[in-house]
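Each remark here refers to the structure printed beneath this line.
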Amino acid sequence: FIPVFSVSCEMKCKDVFSVKGYGKFIIDEISGISKKGRLHITIKKYK
């Protein structure tokens with residue numbers, strides 16, 4: 003576990019991140035790219 007405070011940090015599948023007040027989440031899959039170049043991701047609650 004490495005704390006990162008930069009919003010420009012790149013993440014990949016199976017990375018765990020926390021959101022203050024909401025808990026920990028895991029990136030489940032990256033399913034594609036939108037017309038504007040943004041990523042479609044699926045996240046799950048980390049247990």
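Mind the numbering: the sequence shown is residues 3 to 49 in my numbering, read in order. Quick reminder that beta carbons are idealized off the backbone N, C-alpha and C, glycines included.
(message) Please list the terminal residues of the continuous beta strand (DSSP E) segment that includes residue 33.
(response) 25 to 35
(request) Output the boundary residues of the beta strand (DSSP E) element that contains residue 4. (result) From DSSP, residue 4 is part of no beta strand (DSSP E); its letter is neither H nor E.
(message) For a test of the three-state rule: what should DSSP assign to residue 14, helix, strand or coil?
(response) coil
(message) DSSP three-state label for residue 49, please.
(response) Assignment of residue 49 by DSSP, reduced to helix, strand and coil, places it in the coil class.
(message) Using a Cβ-Cβ cutoff of less than 8 Å, which residues in the same chain neighbour residue 13 once the five nearest sequence positions on both sides are dropped?
(response) 19 and 29
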